[in-house]
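This report concerns only the one structure given below.
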């Protein structure tokens, strides 16, 4: 009992500090795990600048990139407690609060990047608004924006054209249940690896492949330890920007509105950036010696789609309603 009360007191103190900072100095601590050069890092930096400008410096944002405040689990816990004001990562990182939020990261559910942003708009998406109510009630966390990073593709140190090529091979999974399920759908053996440890894991052979947007692959120079990319586009990589609810409510209404508008503008910019950069990035990885495999080169995209969706539906039947709502978004 005493231990529980101490934990509650610490959590309350952390939130109080965050709220005080918001109300008085209005300085928000923004954490993420993205590397320098990645779209998500550019997003956070530009959002911080935009928020300061939009609020005439009444609200400032200090960004802590590249896991400076811990990995994904530590970041989410920090935002829940209020010791970190806000952060961003895959929607599925919040599944420890509301499991169904991971549906927004499910593979093969978005038509394209524009659809991904529309379906995850906190202002207009019924599916996301329903999830947000649960996040606030059960975890004290609110999604206030999102980032589009581009389609995710498979990289490996051998040719991959179908799930059969990955059968039984150790393949990196983001340390979240949804990714473990998806990698099983790939036919591979899921091996959870934090992003900061990924280059080493690939170099040592702990895993023989991984999946990420081309922006991440180039920013982290994975072409130095991988030889092939299969252009599966299995996920439209969209990240949630989330905030501690008490910190958020500690801001003035005008400040919240200004932050929302900045995040929406940056979300649309991330879509443009990711879309325009993909063609250039394909040429860049080819220039580094990677072999790029598309359907024209024999990639069996339908086999991946069928096998992965079967695995997701088997592992997460509760996602079905949200996936239907997402599909209905124009």
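Residue numbers (the numbering used here): 7 to 336. Idealized CB from N, CA, C, for every residue including glycine.
**Report entry** Span separating the alpha-carbon of residue 186 from that of residue 108
**Finding:** When rounded, the distance between both Cα atoms is 12 Å.
Query - Identity of the residue in 225, 74, 239 nearest residue 119 by Cα - result: 239
Query raised in the report: Secondary structure at residue 243, three-state DSSP: helix, strand or coil?
Result: strand
Requested in this report: Could you tell me if residue 171 is buried or exposed, where buried requires 16 or more neighbouring beta carbons within 10 angstroms of its beta carbon?
Outcome: buried
Query raised in the report: Exposed or buried, residue 276, counting other C-beta atoms within 10 Å across all chains shown (16 or more means buried)?
Result: buried
Report task. Using the Cα positions of residue 321 and residue 330, report the straight-line distance between them to the nearest angstrom. Result -> Answer to the nearest angstrom: the Cα atoms are 17 Å apart.
Report task. Count the other CB atoms, across all protein chains shown, that sit within 10 Å of the CB of residue 295; report buried if there are 16 or more and exposed otherwise. Result -> exposed
Report task. Would you list the residues sitting across from residue 37 in a DSSP beta bridge? Result -> 70, 93
**Report entry** Beta-carbon proximity list for residue 27, same chain, < 6 Å, skipping 5 on both sides
**Finding:** With a pLDDT of only 41 at residue 27, under the threshold of 50, the placement of this residue in the model should not be trusted; the figure read from the coordinates follows. Setting aside the 5 residues that flank it on each side, residue 27 is surrounded in the same chain by 33, each with a C-beta closer than 6 Å to its C-beta; the list follows chain order.
Query raised in the report: Can you tell me whether DSSP reads residue 207 as helix, strand or coil?
Result: helix
Requested in this report: Check whether the segment 199-212 touches the segment 140-157, counting contact only when three or more Cβ pairs, one atom from each stretch, lie closer than 8 Å.
Outcome: They do not touch, by the three-pair rule.
Query raised in the report: Within 10 angstroms of its Cβ, does residue 101 collect 16 or more other Cβ (buried), or is it exposed?
Result: buried
Query raised in the report: Given a threshold of 16 other Cβ atoms within 10 Å of its Cβ, counted over all protein chains shown, does residue 155 qualify as buried or as exposed?
Result: buried
Requested in this report: With a threshold of 16 other CB atoms inside 10 Å of the CB of residue 117, please say whether the residue is buried or exposed.
Outcome: Label assigned to residue 117: exposed.
Query - Which listed residue (65, 144, 271, 73) has its alpha carbon closest to that of residue 87 - result: 144
Query - DSSP three-state assignment for residue 27, whether helix, strand or coil - result: Residue placement at residue 27 cannot be trusted, given a pLDDT of 41 that sits under 50; the coordinates are not used to answer.
Query raised in the report: Taking residue 179 as the reference, which of 168, 164, 158, 167 has the closest Cα?
Result: 158
Report task. List the whole-angstrom C-beta distance separating residue 335 from residue 124, where the pair is believed to meet the contact cut-off of C-beta under 8 Å. Result -> 5 Å
Report task. From the DSSP output, in three-state form, read off residue 234 for me. Result -> strand
Query raised in the report: Based on the DSSP output, what are the partners of residue 131 in its beta bridges?
Result: The partner list for residue 131 (beta bridge, DSSP) is empty, contrary to what the question assumes.
**Report entry** Nonlocal neighbours in the same chain, by C-beta distance under 8 Å from residue 106, ignoring five residues either side
**Finding:** 137, 140, 324, 325, 328
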